[in-house]
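I have placed the structure first, in the form of structure tokens, so that the comments after it can refer back to it.
Residue numbers (this note's numbering): 4 to 458.
In structure tokens:
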């Protein structure tokens, strides 16, 4: 294991520093606005802007890397992100902060794409599962450490913004000093949205719901905890324990996912999320012990939804379409994560802070209602299903190029679809395949929506 991880430690360090800075910045901004008694709508808008930047960066990053190369693109984006972070300390106008958050999200997505390209270039086919796990651990650990900095430095001064900028400066070092050659430039995979909406609507519904919930959590949970009367140190501990729960659950989740029906697991985890969120959704003032315990278990199950949906969708999509599937899932997640903080922020402003967990419970209940294992026809299930479950970082810490590292995606398919010149006809032909009737329940309309779940 040590020999496998040794070549990747520099890239893991870069990811770690990026996520420390990103995690700290999200919580700092929420607490800073709470201290200034700013409406929760603005806090949600800032996180929505960050996710919008991430989605936008998935489109722009390919062109930037192809034009100037990996190291220059990464260095430029790290510099821009650092400047945008410091800009929060120079300007107090909230619309300007939204623009800065969009820039941070866009730049970070380009950085993710460079790191994932390099990891894919260095990893042998048999190592990709281990390399992927290391990348996920570095991502979650960075988010946790970013929260714990608030425990050691609770003052919400400009020092924390300087520390975030310092993290983005340090993440430059291992990439700028690398002696390795540039990896091959990768083209964006075709999205094929019509095909996947018809083939795996339940999985897309789960991913969208996960984006709504997790995106709102990252943006508004610090504000919720602050309005419950927690100090800055306690907010850092609360957020750190919740994010650590997401890391802790990944391996037990993999064991369950490989042995039980994945649609049933999604429904069960969504139901557990409803039950765990209810005390926080009903009580306007929650005892400290209940807040930490219920928050931990809510996070334990909410971070299960996205990996389960990814595994479930891969079971029903042929190997040559899994690169496109990964891009579709991440964009769907990003759309949900852009909308969720805005809606939850409005609800918190109108009805109180407890509406954040009422929001979680509502969309978890929607998934319980619409995810129906008996409606799965399995007509398009691949021969080797269920595929091995892979622990997945959420789209706050990965890009569409993460498909290159997923061991469920054939490496030859990655080379053919993402290194060959883009074919403009790729998207149009498969999207027209008549597959809706094979996956939809007999009594459902043909075109699914978020409230029409089907894998």
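Ideal Cβ placement from N, Cα and C applies to all residues, glycine included.
For residue 235, the uninterrupted alpha helix (DSSP H) run begins and ends at 235 to 251, by DSSP.
In the displayed model, residue 374 falls within coil according to three-state DSSP, outside both helix and strand. Looking at 189, 357, 409, 256, the one whose alpha-carbon comes closest to that of residue 72 is 189.
Straight across, the Cα-Cα distance linking residue 368 with residue 270 is about 9 angstroms. Of the residues assessed, residue 45 falls on the buried side of the cut-off, its CB having 16 or more other CB atoms within 10 angstroms. Judged by beta-carbon spacing, residue 202 lies beyond the 9 angstroms limit of residue 389, meaning their Cβ atoms are not closer than that value.
If you draw a straight line from the Cα of residue 41 to the Cα of residue 351, it is about 12 angstroms long. Per DSSP, the unbroken alpha helix (DSSP H) holding residue 58 starts and ends at 43 to 71. Counted as a single uninterrupted DSSP element, the alpha helix (DSSP H) harbouring residue 344 occupies residues 325 to 354.
For residue 99, the closest alpha carbon among the candidates 326, 79, 53 is that of 53. When the alpha-carbon of residue 171 is set against those of 80, 148, 224, the nearest one is in 80. Exclusion of the five residues before and after residue 253 leaves 394 as the residues of its chain whose Cβ lies within less than 6 angstroms of its Cβ.
For residue 263, no alpha helix (DSSP H) segment is defined, and its DSSP state is neither H nor E. The continuous stretches of alpha helix (DSSP H) do not include residue 401, and DSSP gives it neither H nor E.
One alpha carbon belongs to residue 118, the other to residue 151, and they sit about 25 angstroms apart.
Straight across, the Cα-Cα distance linking residue 162 with residue 38 is about 16 angstroms. Residue 47 places its beta carbon less than 9 angstroms from that of residue 349. Contact annotation, residue 359 with residue 134: C-beta distance approximately 35 angstroms; criterion of less than 8 angstroms not satisfied. Just so you know, the alpha carbons of residue 30 and residue 225 end up roughly 6 angstroms apart.
Remark: three or more beta-carbon pairs, one from each stretch, lie closer than 8 angstroms, so the stretch 56 to 68 and the stretch 108 to 117 are flagged as touching. Rounded to whole angstroms, the separation of the alpha carbons of residue 286 and residue 165 is 37 angstroms.
By the Cβ neighbour-count rule, residue 417 is buried, with 16 or more other Cβ atoms within 10 Å of its own. The residue from 126, 104, 373, 36 with its alpha-carbon nearest to that of residue 206 is 373. Buried is the label assigned to residue 336, since at least 16 other Cβ atoms lie within 10 Å of its Cβ.
For residue 225, the enclosing alpha helix (DSSP H) stretches over residues 204 to 230. For residue 105, the enclosing alpha helix (DSSP H) starts and ends at 97 to 125.
In terms of CA proximity to residue 302, 272 leads the group 376, 288, 272.
When C-beta atoms of the stretch 140 to 148 are compared with those of the stretch 84 to 95, fewer than three pairs fall below 8 angstroms, so the two segments do not count as touching. Taking 8 angstroms as the upper bound for CB-CB distance, residue 268 and residue 276 are not in contact here, some 12 angstroms apart.
Of all alpha-carbon atoms in 222, 234, 124, 305, the one lying nearest the alpha-carbon of residue 158 is that of 234. In this structure, the CA atom of residue 74 is about 7 angstroms from the CA atom of residue 178.
Comparing C-alpha distances from residue 255 to each of 377, 310, 110, 318 shows the shortest one belongs to 310.
Distance from the CA atom of residue 175 to the CA atom of residue 83, rounded to whole angstroms, is 12 angstroms. In this structure, residue 112 and residue 57 form a Cβ contact; the two beta carbons are roughly 5 angstroms apart against a cut-off of 8 angstroms. Ranked by how close their Cα comes to the Cα of residue 97, the residues 129, 33, 138, 59 have 33 in first place. Counting of Cβ neighbours within 10 angstroms places residue 153 among the buried residues, the total reaching 16 or more.
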